[in-house]
Each structure stands twice: as structure tokens, then as C-alpha cells.
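Right, one structure below, let's go through it.
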Amino acid sequence: MLLEGGIPILAALDIVGNTVAPTTRAALLVARGIISDGGTLSQGFDHCGLATPIALRMLRVGERSGQLGAMLTRSALFYEGESARWIERFTKVFEPALMTAIGLLVGLIVVLLYLPIFDLAGALQ
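Counting along the sequence shown from 1, when you hit position 27 you're at 27 in UniProt numbering, and nothing is skipped either side.
This is the structure in C-alpha cells:
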């Protein structure tokens with residue numbers, strides 16, 4: 001999106017570098033060095049392991065076609081969808097497990113609350 005807004009790639013990498021984790025920031029600095037030395041964005045990202053194979057292919061297509069900003073946006077939308085699908089799958093698995101655990105915990109609490117009452121009733125007889 002920064003590229004589509006007219007910001008140069010090196011400036012965009014500097015901006016992004018200030019918003020990511022330190023390990024990713026270090027990799028971005030290495031990639032920035034490769035790009036400033038005349039390499040392409042895909043070469044820098046490939047060298048530093050900053051992109052998946054699918055994203056690298058999309059980057060290369062964007063570089064060759066002159067539509068790098070559009071391809072980066074398309075890649076971001078693809079991975080946003082992947083993340084949403086992963087979260088949905090995780091939720092579908094985790095939710096029943098959590099409900100079972102909560103049910104067992106509530107059942108245990110109920111049993112522990114009634115045990116003294118049963119002991120008292122047994123002692124009265």
C-alpha cells in the first residue's frame with residue numbers, strides 16, 4: 001500500500017521496519033541493503049527468508065509486470081485470508097475442547113460442594 005501511495009521502496013522498508021519485531025527488523029535491514037545495492041525486492045526477501053514461496057512468485061510477477069504495489073496488495077489479501085481460515089479452524093477445534101473442560105470443572109465444583117452435605121446427612125443417620 002505504501003508503494004501504491006508513491007513512497008519509494010527503501011523508504012517503505014524503513015517505515016515497515018519501525019513497526020515489526022526486532023528479529024524481523026534485522027532481516028528487513030539486510031534485505032534493504034540488498035535492494036539498495038541493486039538487487040530486487042524478491043531477491044532481498046528471498047535471501048532473508050521474509051517471504052513464502054507463493055509470495056516470492058507474486059513479487060517476481062509484480063516486478064516483471066511493473067505492478068509491484070498491486071501484487072503486494074494481492075499477496076497481503078491472500079495471507080489475510082489464510083490467517084482468517086487458520087483462526088477459524090483453530091476456533092472450531094478449541095471451542096469444543098474448552099467447553100468440555102469448563103463442563104468438567106463445573107461438575108467437579110458441584111460434586112465438591114455436595115460432598116460435605118452428603119457427609120453431614122450420613123452422620124445424622
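Virtual Cβ for every residue (Gly too), placed ideally from N, Cα, C.
In the three-state reduction of the DSSP assignment, D14 falls in the helix class. With contact defined as three or more Cβ pairs closer than 8 Å, the segment 33-42 and the segment 58-67 are in contact. The alpha-carbon separation between I109 and E82 amounts to approximately 40 Å.
Taking a 10 Å sphere around the C-beta of A55, we find 16 or more other C-beta atoms and assign the residue as buried. Between L10 and G17 a beta carbon distance of about 10 Å is seen, past the 8 Å cut, so the two are scored as non-contacting.
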